[in-house]
Amino acid sequence: MSGASALAVDGVESGYGEVQILWGASLTLRPGKLTTLVGSNGSGKTTLLRTIMGLLPVWKGRVGFDDRDVTRLSAHAKAQLGLVMIPEGRQLFTDMTVAENLEMGATPAHARADATRNTDRVLGLFPRLAERRRQLAGTLSGGEQQMLAIARGLMAEPKVLMFDEPSLGLSPLFVLNLFEIIHRLKGNGLTMLLVEQNVQMALAVSDYAYVFEHGTVAVEGEARDVRGMESVRRAYLGL
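Numbering (this note's numbering), first residue to last: 310 to 548.
Printed below as a string of structure tokens:
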């Protein structure tokens, strides 16, 4: 890939305790593009997202975001800059209402002033949440909770939005709705990094793709080209 980058990960190593998971992982996100990271379970995809976000320390390498080195910044500091992650499992405030969860998403300083306008915007994107605005998040269906997790992330006015397995546990109908939303966000020019178990749909909507194996990038290329690779078709598409 060439040109300016919104997020650049260069030779990153990390892990849990003394167990190393990432071995020199590198990737680049281009502004306004949707990039997919695919790989088998245990390949280190979630660890990479958590390391980029600052939830795990970078042992070696560099993370660059919006033309600055953010390698050592905390997750909170990165969120203030506009790097936002939708975690696997949603991690909502289940004893709070939909509206209160959205309010919690607008914590970065640059997003607080526009919280009312952004609330109207995300509820327009997710009309089902508008209908359940006063409902406790813990009483929503799985698909509705995933919608709320994404909506809460959008409330932070992200420059880069990262998804960790957003379709996990959702019904086929909600999966289709999810990818329609991601496609719409892409059309709006939002830079996104998607880690997703539904490889076929992820590659179909993405601009660029990385295949992750054993904690590092094994293959990368335009999503349509990666989708056509025989090794990818056999390993991830069931073809």
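Every residue, glycine too, gets a C-beta built ideally from N, C-alpha and C.
Leaving out the 5 sequence neighbours to the left and right, which residues in its chain are closer than 7 Å to L364 when beta-carbon positions are compared?
Sequence index remark: in the sequence shown, residue 364 carries index 55 (1-based). Only A384 meet the Cβ criterion.
A511 and T356 - do their beta-carbons sit closer together than 8 Å?
Translated into the one-based positions of the sequence shown, residue 356 becomes position 47. Translated into the one-based positions of the sequence shown, residue 511 becomes position 202. Not a contact, by the Cβ cut-off of 8 Å.
By a C-beta neighbour count over all protein chains shown, 10 Å radius and 16 as the cutoff for buried, is R442 buried or exposed?
Along the sequence shown, one-based indexing puts residue 442 at 133. Result: exposed.
Rounded to the nearest angstrom, what separates A289 and H523 at their Cα positions?
Residue 289 lies beyond the residue range present for the chain, which begins at 310 and ends at 548; the question has no answer from this structure.
Go ahead and label Y325 buried or exposed: buried means 16 or more other beta carbons lie within 10 angstroms of its beta carbon, across all protein chains shown.
In the sequence shown, counting from the first residue as 1, residue 325 sits at position 16. When all chains shown are included, Y325 counts as exposed.
Candidates W332, G353 and I361: which alpha carbon is nearest A315's?
Counted from its first residue, the sequence shown places residue 315 at position 6. Minimum Cα distance to A315 is reached at I361.
If you run the structure through DSSP and keep just helix, strand and coil, what is L546?
The residue labelled residue 546 in the question sits at position 237 within the sequence shown. Residue state, collapsed to three classes: coil.
Using DSSP with H/G/I as helix, E/B as strand and the rest coil, what is L316?
Residue 316 sits at position 7 when you count from the first residue of the sequence shown. In the structure shown, L316 falls within a strand segment according to DSSP collapsed to helix, strand and coil.
Which residues in the same chain have their Cβ closer than 6 Å to the Cβ of Y519, if we skip the five residues on either side of it in sequence?
Residue mapping note: residue 519 aligns to position 210 of the sequence shown, counting from 1. Only L336, L346, V526 and E529 meet the Cβ criterion.
Determine the DSSP secondary structure at F521, reduced to helix, strand or coil.
Your numbering for residue 521 matches position 212 in the sequence shown. Of the three classes helix, strand and coil, the one that applies to F521 here is strand, per DSSP.
Is it the case that the stretch 400 to 414 contacts the stretch 474 to 486, given that we only count it when at least three CB pairs across the two stretches are under 8 Å?
no
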